[in-house]
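Residue numbers (full-length UniProt numbering): 3 to 330.
Note that beta-carbon positions come from the ideal geometry of N, C-alpha and C, so glycine has one too.
Reading through the structure tokens given below for one structure.
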Ligand code: SF4
Ligand code: MG
């Protein structure tokens, strides 16, 4: 499978009044064409910062300090602002948790999506409008003609998220980055939004990078999963493998704390303890203060990433043969 997106040794920092915060620390992964890859972890683990780094949307205080982000072979970090904007419009689109913040309140929904199309494609206004109506239908909006003329605030949260997805797919992007796309929605609507994402994947062969704290969502749509903790990927595996045989103690903790019937009100109960302050990271393995399996080496030396099989990696001393050799 050819990689559409390749992230290598990504390191992203925020320069704050309290010091330099490293939110993403040496993260590497690839996303193949047509694949749906999820990044999971508690909030503050660096999931969103990873996606914003890819999109070039870190804001004034954030900066990618090292690494590469390759999209179809082009290093995105070397592009000018203008070229990056073009990539964002044509090739990579993002869906956020709260669509109201990314929709302009003063324009109708139809106008906004139509303008997006007109900026990126040389087609007439009528053709563009027709496309918008088709897109609204595709994301399951029951009265596309009416919604076309609606303002964002007049729509429900679920409808707005559909509109956001319609806008995201308007220019037929190769990659969609969806950051907690269902978190703000109630359970029924969540399920509908997930079905839309699944249909995009099947019909358009869209590649999706899904950011979520919700393993229920992961099980529903992802092919592959990366688990992030304290700015690093601690485990990557195919979704079946991860759910059937989680390797990293953090992944196991996440799975144990996922309610069987997933409801918004029962969000993932966190594992005992909390995500470390990035300004005061624990020594050795960053998870050691919360890990039931921690030993001396864990407290002293950060674990390396060990490849367990072609598509499975884990960063934990429990799986490192060097340690075995040293102690044996
Ligand atoms: Fe736990 Fe040690 Fe593995 Fe870290 S390296 S997750 S502390 S067992
Ligand atoms: Mg987030």
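Reference residue i, options the options, closest by Cα
{"i": "residue 199", "options": "317, 171, 33", "result": "171"}
{"i": "residue 239", "options": "99, 39, 92", "result": "39"}
{"i": "residue 89", "options": "108, 70, 58, 69", "result": "58"}
{"i": "residue 97", "options": "280, 124, 254, 183", "result": "183"}
{"i": "residue 110", "options": "84, 140, 312, 166", "result": "166"}
{"i": "residue 257", "options": "302, 236, 25, 216", "result": "216"}
{"i": "residue 6", "options": "28, 47, 56", "result": "56"}
{"i": "residue 211", "options": "12, 32, 13, 18", "result": "32"}
{"i": "residue 141", "options": "12, 222, 193", "result": "193"}
{"i": "residue 244", "options": "279, 150, 221", "result": "221"}
{"i": "residue 231", "options": "61, 30, 43, 322", "result": "43"}
{"i": "residue 223", "options": "206, 229, 207, 241", "result": "241"}
{"i": "residue 249", "options": "107, 131, 317, 30", "result": "317"}
{"i": "residue 255", "options": "280, 292, 288, 284", "result": "292"}
{"i": "residue 206", "options": "35, 24, 30", "result": "35"}
{"i": "residue 307", "options": "296, 323, 295", "result": "323"}
{"i": "residue 315", "options": "295, 227, 284, 299", "result": "227"}
{"i": "residue 286", "options": "60, 299, 175", "result": "299"}
CB of residue i within 7 Å of CB of residue j, strictly
{"i": "residue 53", "j": "residue 195", "result": "no"}
{"i": "residue 119", "j": "residue 133", "result": "yes"}
{"i": "residue 94", "j": "residue 202", "result": "no"}
{"i": "residue 319", "j": "residue 305", "result": "yes"}
{"i": "residue 26", "j": "residue 18", "result": "no"}
{"i": "residue 77", "j": "residue 87", "result": "no"}
{"i": "residue 277", "j": "residue 46", "result": "yes"}
{"i": "residue 290", "j": "residue 301", "result": "yes"}
{"i": "residue 37", "j": "residue 181", "result": "no"}
{"i": "residue 12", "j": "residue 29", "result": "yes"}
Backbone secondary structure at residue i - three-state DSSP
{"i": "residue 256", "result": "helix"}
{"i": "residue 65", "result": "strand"}
{"i": "residue 1", "result": "Residue numbering for the chain in the displayed model covers 3 to 330; residue 1 lies beyond these limits and cannot be assessed."}
{"i": "residue 316", "result": "strand"}
{"i": "residue 303", "result": "coil"}
{"i": "residue 311", "result": "strand"}
{"i": "residue 109", "result": "coil"}
{"i": "residue 77", "result": "strand"}
{"i": "residue 71", "result": "strand"}
{"i": "residue 165", "result": "helix"}
{"i": "residue 268", "result": "Summary for residue 268: the model assigns pLDDT 44, below 50, so the residue's position carries little reliability; its value from the coordinates is reported in the next sentence. Three-state DSSP puts residue 268 in a helix."}
{"i": "residue 159", "result": "helix"}
{"i": "residue 131", "result": "helix"}
{"i": "residue 188", "result": "coil"}
{"i": "residue 151", "result": "coil"}
{"i": "residue 250", "result": "coil"}
{"i": "residue 99", "result": "coil"}
{"i": "residue 124", "result": "coil"}
{"i": "residue 291", "result": "helix"}
Residue i versus residue j - alpha carbon distance
{"i": "residue 247", "j": "residue 185", "result": "26 Å"}
{"i": "residue 116", "j": "residue 234", "result": "39 Å"}
{"i": "residue 268", "j": "residue 187", "result": "For residue 268, the pLDDT reaches just 44, beneath the cut-off of 50, and the residue's location in the model is therefore unreliable, leaving the point undetermined."}
{"i": "residue 137", "j": "residue 168", "result": "5 Å"}
{"i": "residue 49", "j": "residue 63", "result": "17 Å"}
{"i": "residue 275", "j": "residue 252", "result": "12 Å"}
{"i": "residue 81", "j": "residue 273", "result": "40 Å"}
{"i": "residue 1", "j": "residue 113", "result": "Residue 1 lies beyond the residue range present for the chain, which begins at 3 and ends at 330; the question has no answer from this structure."}
{"i": "residue 309", "j": "residue 156", "result": "50 Å"}
{"i": "residue 91", "j": "residue 104", "result": "14 Å"}
{"i": "residue 147", "j": "residue 209", "result": "29 Å"}
{"i": "residue 163", "j": "residue 74", "result": "28 Å"}
{"i": "residue 127", "j": "residue 237", "result": "47 Å"}
{"i": "residue 1", "j": "residue 321", "result": "Because the chain in this structure spans residues 3 to 330, residue 1 falls outside the shown range and cannot be described."}
{"i": "residue 68", "j": "residue 16", "result": "13 Å"}
{"i": "residue 65", "j": "residue 139", "result": "39 Å"}
{"i": "residue 190", "j": "residue 159", "result": "12 Å"}
{"i": "residue 333", "j": "residue 130", "result": "Nothing can be reported for residue 333, as the shown portion of the chain is limited to 3 through 330."}
{"i": "residue 263", "j": "residue 121", "result": "Reliability of the predicted coordinates at residue 263 is poor, the pLDDT of 47 falling under 50, and the value obtained from them is presented with this limitation in mind. Cα-Cα distance, rounded: 43 Å."}
{"i": "residue 10", "j": "residue 313", "result": "16 Å"}
{"i": "residue 125", "j": "residue 135", "result": "15 Å"}
{"i": "residue 151", "j": "residue 83", "result": "32 Å"}
{"i": "residue 204", "j": "residue 284", "result": "42 Å"}
One or two residues paired with residue i in a DSSP bridge
{"i": "residue 228", "result": "41, 238"}
{"i": "residue 211", "result": "39, 179"}
{"i": "residue 2", "result": "This structure cannot settle anything about residue 2, because the visible part of the chain is limited to 3 through 330."}
{"i": "residue 26", "result": "14"}
{"i": "residue 94", "result": "177"}
{"i": "residue 21", "result": "18"}
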